[in-house]
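For the record, in the sequence shown the residue sitting at position 119 is 121 according to this note's numbering, with numbers rising by one throughout. Here's the structure we're looking at; comments come further down.
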Amino acid sequence: MTTSLAASAIALSNQATAQTGSARPREYYEIRKYHLQTGPQIKITESYISDALIPALNRLGIAPVGAFHLDIGPETPTLYLLLPSTKLEVLVTAELQLAHDESFMKVAEPFWNAPATAPAFQRIESSLLIAFEGWPKLTPPAATAAHGKRIFQLRTYESPSSQAHVRKVEMFHHGEFEIFQSAGFGQVFYGDTLMGPRMPNLTYMLSFADMADLNAKWDVFRSDPAWNKLKSSPRYNFEEIVSNISNLILSPTTYSQI
């Protein structure tokens, strides 16, 4: 099943590359959500991710791994992981490889072998993305003494059609990256969803010092003449090209590598 997933993802990513004409290497991302219940599940899952999963993923070359608490958004408590890799097969077969890692299995035992009467989590969901051609690699925020105090905004744009989705991705490459840069946003990654729910969609992540910083920079963005010119272009405003926006506020865990 995992091999089939990898084959399908490779085909999709090749198609995406052919559509953009990109020859530059682009990362792949898995966005993984651990849905939890308040209580013991949080502790056991946090221990598993920090002590077993992230070190084992790093040994596979999957790094840096982002781990985040959902602060503002539906379905709390939820833990979010961001797994980047330049090697698609490594990313989509990671769970199979972990089962052969003796060090991992020893530390992961309480999570992996949790009984049905006291499960370690409710459900796990994953989406597979490919980095945008114009932002091919994850860009972690610069390390600071206030690392644990920063916040992240995870935004997903759903489109009503494949054409609308392609045009929204195009907007980023035709000026939106630069407008974000001008407004001072920390741009972490931009990804086009290859597999996941509510397609077609794209997801990107921004970083801020705090909510006041977030609101101030979005005010600058919205008032930028370049943004107002771009969004009023006949190519992008002839109809709605984004039908729904998911907007989540995350905070990094103490063991997050991003």
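Glycine included, every Cβ here is placed at the ideal spot set by N, Cα and C. As the structure is a prediction and not an experimental result, all values here were calculated from the model.
Worksheet entry | For SER258 and ALA148, the rounded distance between their alpha carbons | Interpretation of ALA148 is limited by its pLDDT of 47, a score under 50 that renders its predicted location unreliable; no figure is taken from the coordinates.
Worksheet item: Residues bridged to TYR30 by DSSP?
Response: In DSSP, TYR30 forms a bridge with SER87, ILE132.
Discussion item. Which same chain residues end up closer than 6 Å to HIS167 when comparing Cβ atoms and leaving out the 5 residues on each side of it in sequence?
Written reply: SER161, PRO202.
Discussion item. Could you tell me the alpha carbon to alpha carbon distance between THR88 and GLY75, rounded to whole angstroms?
Written reply: Distance between the alpha carbons of THR88 and GLY75: 30 Å.
Practice prompt. Compare the C-beta of PRO199 with all C-beta atoms of chain C and state if any pair is closer than 8 Å.
Written response: Of the chains in the structure shown, none is chain C; there is only one protein chain.
Worksheet entry | Own chain residues within Cβ distance below 8 Å of GLU99, not counting five before or after | Residue 99 is actually Gln in this sequence, not Glu. Shown here for GLN99: same chain residues with a beta carbon closer than 8 Å to its own, the five before and five after excluded, namely LEU62, VAL92 in chain order.
Worksheet entry | Spatial neighbours of ILE126 in its chain, beta-carbon cut-off 6 Å, leaving aside the 5 residues before and after | Cβ within range, chain order: TYR36.
Practice prompt. Please state whether DSSP places PRO254 in a helix, a strand or coil.
Written response: Note: PRO254 maps to strand in three-state DSSP.
Worksheet item: Can you tell which of TYR31, PRO27, ARG26 has the C-alpha that lies nearest to the C-alpha of GLY198?
Response: Nearest of TYR31, PRO27, ARG26 to GLY198, Cα basis: TYR31.
Discussion item. Buried or exposed for SER209, going by 16 or more other Cβ atoms inside 10 Å?
Written reply: Per the 10 Å Cβ criterion, buried.
Fill in: Coil, strand or helix - LEU62 by DSSP
In the three-state DSSP reduction, LEU62 falls in the coil class, being neither helix nor strand.
Worksheet item: Considering only C-alpha positions, which residue in the set PRO42, TRP137, ARG34 is nearest to LEU130?
Response: LEU130 has its Cα closest to that of ARG34, out of PRO42, TRP137, ARG34.
Fill in: Beta-carbon proximity check, ASP226 vs ILE181, cutoff 8 Å
Closer than 8 Å, so yes.
Worksheet item: Which ranges would you report for the beta strand (DSSP E) in the region 162-228 if only whole runs of at least 3 residues count?
Response: Taking only runs of at least 3 residues, the beta strand (DSSP E) segments lying wholly in the region 162-228 are 188-197, 203-210.
Fill in: Secondary structure of ASN115, DSSP reduced to three states
Look at ASN115 here: in three-state DSSP terms it is coil, with no helix or strand label.
Discussion item. Beta-carbon within less than 6 Å of SER52's beta-carbon, same chain only, minus the 5 sequence neighbours each way: which residues are those?
Written reply: Excluding sequence positions up to five before and after SER52, its CB lies within less than 6 Å of the CB of TYR257, all in the same chain and listed in chain order.
Item to complete: Assign THR47 to one of three DSSP states: helix, strand, or coil.
Response: THR47 falls in the helix class under three-state DSSP.
Worksheet item: For the alpha helix (DSSP H) that GLN99 lies in, which residues bound it at each end?
Response: GLN99 -> alpha helix (DSSP H) spans 96-100.
Practice prompt. Determine the burial state of ILE132: buried for a count of at least 16 other Cβ atoms within 10 Å of its Cβ, exposed for fewer.
Written response: Its Cβ being crowded by 16 or more others within 10 Å, ILE132 is buried.
Worksheet item: On the three-state DSSP scale, how would you describe SER234?
Response: Three-state DSSP puts SER234 in coil, outside helix and strand.
Fill in: GLU160, DSSP secondary structure in three states
Three-state result, GLU160: strand.
Item to complete: Provide the residue(s) that pair with THR80 in DSSP beta bridges, ordered along the chain.
Response: Beta-bridge pairing links THR80 to HIS37.
Discussion item. Between VAL171, VAL190, GLY177, which has its C-alpha nearest LEU140's C-alpha?
Written reply: Selected option, being the one with the closest Cα: VAL190.
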